[in-house]
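So the protein lines, in turn, are chains Z and B. Its first residue numbered 8, the first sequence is counted upward by one per residue in the numbering used here. Its first residue numbered 7, the second sequence is counted upward by one per residue in the numbering used here. The beta carbon of each residue, even a glycine, is placed where N, CA and C say it ideally should be. It should be emphasised that the depicted structure is a prediction, and the values quoted were computed from it without experimental measurement. Shown next, in structure tokens, is the structure this report addresses.
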Amino acid sequence: MGTATATATSAGLAFAAIDYLGVVSILAYAPGATAALAIFIGGIFVVLIAAIFSELNGLFPTAAGIRLYLGRAIGNRTALAVTFTYMTTVILVIAADAFLIGAAVRHVLNEPAALAYVWIVVLLALALGANLRGVRIAGWVQTVVTYTVLMGTSILSVLALFHVGGSFRRPLDLFGGGTFSGIQAIAFALFLYAAFEWVTTTAEEARTPKVITRALFIAPVLIWIVSTVFALALSHLVRYSTLHSSAYPQLLLGRAALGTVGELWMLALTVLTALNTFNGGFLVASRFIYAAARENNLPRQFARLNMNAVPWLAVTTLAGVSAIVAAIVFATGQWLLLVSVGAAIECGIYAIGSLCLLRLRSRVDRKRPFKLFAGVPLAGIGAVLFSVLFVATAFADPKDSRRFSVAPFAVIAVLGAVSTLYVLLIVPRLQRAAEQRASAARPRRRPARS
Amino acid sequence: MAGWQELSEALDDYTVSCNSNERLRKMQRDWTRVLHFICSDTGQPFTMDVDHGEIVATVEGHVGVPDIVVTTTSETFCDMFWGDLNPVQRYLRGEIVVKGSQEDVMRLDAISYVIWPES
Chain Z
8 MGTATATATS AGLAFAAIDY LGVVSILAYA PGATAALAIF IGGIFVVLIA AIFSELNGLF
68 PTAAGIRLYL GRAIGNRTAL AVTFTYMTTV ILVIAADAFL IGAAVRHVLN EPAALAYVWI
128 VVLLALALGA NLRGVRIAGW VQTVVTYTVL MGTSILSVLA LFHVGGSFRR PLDLFGGGTF
188 SGIQAIAFAL FLYAAFEWVT TTAEEARTPK VITRALFIAP VLIWIVSTVF ALALSHLVRY
248 STLHSSAYPQ LLLGRAALGT VGELWMLALT VLTALNTFNG GFLVASRFIY AAARENNLPR
308 QFARLNMNAV PWLAVTTLAG VSAIVAAIVF ATGQWLLLVS VGAAIECGIY AIGSLCLLRL
368 RSRVDRKRPF KLFAGVPLAG IGAVLFSVLF VATAFADPKD SRRFSVAPFA VIAVLGAVST
428 LYVLLIVPRL QRAAEQRASA ARPRRRPARS
Chain B
7 MAGWQELSEA LDDYTVSCNS NERLRKMQRD WTRVLHFICS DTGQPFTMDV DHGEIVATVE
67 GHVGVPDIVV TTTSETFCDM FWGDLNPVQR YLRGEIVVKG SQEDVMRLDA ISYVIWPES
């Protein structure tokens, strides 16, 4: 895997349909062009994250890297609880994308609202079927899809801004409509880049660790450009009062810019994002579940393979849980809550990543292909900064800057508590049972040395 | 440390176990790969050639262009090929290092899991 593919993988993992909603949450706290400022500041923080994950990836260039550096920095049990919580964001993103794409398709086809859930189930069933059959999207297709989504969103946004919106004649108009309000805007901006660091799980496919490092620095730049022009166009052409109650802001922008053609354009891009989310998300999460079951940290049934060498129970459970989460979102209409929860968990992970770098500087004496300059003070700053952003987002109402909400924190607290209790109470039992099975099953096969 | 003789015996047993397991052969029917192995302690290289799930050759030295490169100690290789250890546990501890796609890493472990589900 070279730099272009690794960059596409990183950007593709980060840029999902939920990012269009993420921009709406930024606009709640940073109206008008100030959203661009929030995305820019978020991008600067992401450079620090990219550097931190580059160093950690260089130390442990493996798909299991996150378990390794978390385990060595904060202990195996805590690492497991954190990783389980982290993986729930994958389910949230899959569920959110299924919901958002279902809602967008229903909207364009002008069908009754209830049919959106049918589309959600159809999409998840297609993803489940493809995964169970072992269908993989080729790397080059994924690369083309990612660059098409990024280019398509940018081109429509630029057309909306300068051709339809006439911003080149009155550029200062962009800065009207409100003031920058709060660090929440930056935290929501960070969400746009979230998951770009998952490219480190493909470290074993990269030609050299430098490929992953380059991808970690280039992908955020692409996301920054696309998100900025999209946010500017959205705030310029669509009223915020319309946006915060809509699950498909990108379609509203498409229609405002180019009518039906624009709407279909954005629908096509939205559906394309599903290829990356469902392919990458299912793959990362199901293989994590498989490894956890093989490690005896989850019931061994989750490691069962079908005749296509796919962990079928892991994949089916993922699809089932995603369908349930999507149904809850569909029934409650709380899709922006997923943005808050995702943003807060990512900020928390970035704080923990900073902490890992701090601890591993003194604990692991190994050659580092990439070493963050002034790593100790910068990682210290990162740990504090991202912890503050975690708190700010966990208590933010994602669509109203004047309101305070405990809902995101409550969701994260429940996820964290369930993960921790599981690791403390269930995992030791699974480990004991596995040891008993292994010793009872058969003696050591390797002949003793004479 | 294990020498080539010990490794070779382990590989022979592994080859028989893999090739005689019908479920595994069916599961790996579309898996054709060249695997290179490196013993990190002795420097011993060896190659495994898999054709549609069948191990057709295991030879000393590196032959061909690898799809997967696996590095660990000679003792771990021996235990792994005899089915006396769980490869995933060692991999997640960083003791087995694999260069290849995530899919191939899982397939490699799946072989041990199908032959020795209790390992």
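- According to the DSSP assignment, Z:M8 belongs to no alpha helix (DSSP H), since it is labelled neither H nor E.
- Against chain B, the beta carbon of Z:T69 has neighbours under 8 angstroms at Y97, G100, V103, V104, listed in chain order.
- Z:E353 has its alpha-carbon roughly 27 angstroms from the corresponding atom of Z:R301.
- From the listed residues B:W88, B:T82, B:G106, B:G70, the smallest Cα separation to B:R96 is found for B:T82.
- Per DSSP, the continuous beta strand (DSSP E) segment holding B:T77 begins and ends at 74-78.
- A Cβ-Cβ separation of about 16 angstroms leaves Z:A57 out of contact with Z:F198 under the 8 angstroms criterion.
- By the Cβ-count criterion, B:M7 is exposed, with fewer than 16 other Cβ atoms from all chains shown falling within 10 Å of its own Cβ.
- When rounded, the separation of the alpha-carbon atoms in Z:A35 and Z:A102 is 23 angstroms.
- Under the 7 angstroms criterion on CB atoms, B:D47 is classed as non-interfacial with respect to chain Z.
- When the beta-carbon positions are compared, Z:A292 and Z:V152 stay at least 7 angstroms from each other.
- In the DSSP assignment, the residues bridged to B:I44 are B:P51, B:T77.
- In this structure, Z:L305 is the residue among Z:L305, Z:F402, Z:L290, Z:D26 with its C-alpha nearest to the C-alpha of Z:I433.
- The C-alpha of Z:G261 is placed about 7 angstroms away from the C-alpha of Z:W272.
- The beta carbon of B:E124 sits closer than 7 angstroms to some beta carbon of chain Z.
- If you draw a straight line from the Cα of Z:R436 to the Cα of Z:T92, it is about 20 angstroms long.
- Here the stretch 37-57 of chain Z makes contact with the stretch 200-211 of chain Z; the two share three or more CB pairs at distances below 8 angstroms.
- Of the candidates B:L98, B:Y20, B:S107, the residue whose Cα lies closest to the Cα of B:T78 is B:L98.
- Within the stretch 68-85 of chain B, contact with chain Z at the beta-carbon level (separation under 8 angstroms) is assigned to C84, D85.
- Of the other Cβ atoms in all chains shown, fewer than 16 fall within 10 Å of the Cβ of Z:A447; this residue is therefore exposed.
- Closer than 7 angstroms at the C-beta level to chain B, one finds these residues of the stretch 74-89 of chain Z: R74, L75.
- Judged by DSSP in its simplified three-state form, B:D19 adopts helix.
- With at least 16 other beta carbons inside 10 angstroms of its own, Z:E211 counts as buried.
- With 16 or more other CB atoms across the displayed protein chains lying within 10 angstroms of its CB, Z:M94 is buried.
- B:V104: member of the beta strand (DSSP E) spanning 103-105, first to last residue.
- Put simply, the backbone Cα of Z:A310 is about 45 angstroms away from that of Z:R410.
- Shown in chain order are the members of the stretch 10-28 of chain B whose Cβ falls below 9 angstroms from a Cβ of chain Z: E12, E15, A16, D19.
- Taking a Cβ-Cβ threshold of 9 angstroms, the residues of chain Z close to B:Q108 are A70, T208, T209, E211, E212, L290, V291, R294, in chain order.
- Rounded to whole angstroms, the gap between the alpha carbons of B:S80 and Z:W319 is 33 angstroms.
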